[in-house]
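Residue numbers (our numbering): 8 to 228.
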């Protein structure tokens, strides 16, 4: 069973892995078709489009597609929030195997909306950390960014969590999604996002004198 805790320091991230699936380009094109249509591009006849126009339209469509993946709404956000709350509670309670099991239940995608997604959890966590650690939210304790420290020990996702906290203190974690994932990999950013969120919650809980489980249910939504 996976465990977020490690017995030794996490090694530096290696080169990003690239997984090629048959039909991947066609599948992505189908997903982008409605966005391309708004750009005046027929996804079923892209060869007829001007290459420069197509390239620009594809870039804008992919950016919007990715933003939607990392910005879940409705039930998708609720599922991501529950996953993050449970993982944070498990980390704070020292049950790091349970935390890993919770995070590993996320899926790359959930077409029927029945499961939390990796991108949804990452996006919600980074958005909350940007909000909490910049000091612009009156409901968050003053100086929370300064109080937040990763739990002691070695962790899977520790390098990602360190980068995330540094960026979130500047309000730039969510905006740096692409760079984080390219540098650290999706799973490490997922684990690191949950670890950083748990660290912020623990600092907030200690400062406010509120049990973390009660706090998490109030502020992770």
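Every residue gets a Cβ at the ideal spot worked out from N, C-alpha and C, and that includes glycine.
- Taking a C-beta distance under 9 Å as the contact criterion, residue 103 and residue 115 do not qualify as a contact pair.
- Distances from the alpha-carbon of residue 14 to those of 139, 225, 159 put 159 closest.
- The closest CA to that of residue 36, considering only 100, 224, 192, 61, is found on 61.
- The region 71-89 and the region 186-205 do not touch, with fewer than three beta-carbon pairs separated by less than 8 Å.
- Per the DSSP secondary-structure output, residue 162 pairs in a beta bridge with 12.
- Between residue 107 and residue 10, the CB-CB gap stays under 9 Å.
- By a beta-carbon distance limit of 8 Å, residue 155 contacts residue 210. Their separation comes to about 4 Å.
- Between the region 167-178 and the region 215-227, the count of C-beta pairs closer than 8 Å stays below three; the two stretches do not touch.
- Counting along the chain, residue 199 sits inside the alpha helix (DSSP H) bounded by residues 193-215.
- Note on geometry: alpha-carbon atoms of residue 71 and residue 65 lie some 10 Å from one another.
- Secondary structure of residue 224 (DSSP, three-state): helix.
- With a cutoff of 9 Å on beta-carbon distance, residue 92 and residue 224 are scored as near each other.
- The Cβ atoms of residue 182 and residue 203 do not sit closer than 9 Å to each other.
- Separation of residue 145 and residue 205 (C-alpha to C-alpha, rounded to the nearest whole angstrom) is 20 Å.
- Here residue 121 is exposed, its C-beta having fewer than 16 other C-beta atoms within 10 Å.
- In this model, residue 208 and residue 95 are separated by some 8 Å (Cα to Cα).
- In chain order, 148, 151, 154 place their CB closer than 8 Å to the CB of residue 214, counting only its own chain and leaving out the 5 sequence neighbours on each side.
- Your pair residue 165 and residue 17 checks out as a contact, with CB atoms roughly 5 Å apart and the cut at 8 Å.
- The beta-carbon separation of residue 127 and residue 83, rounded to 6 Å, stays under the 8 Å limit for a contact.
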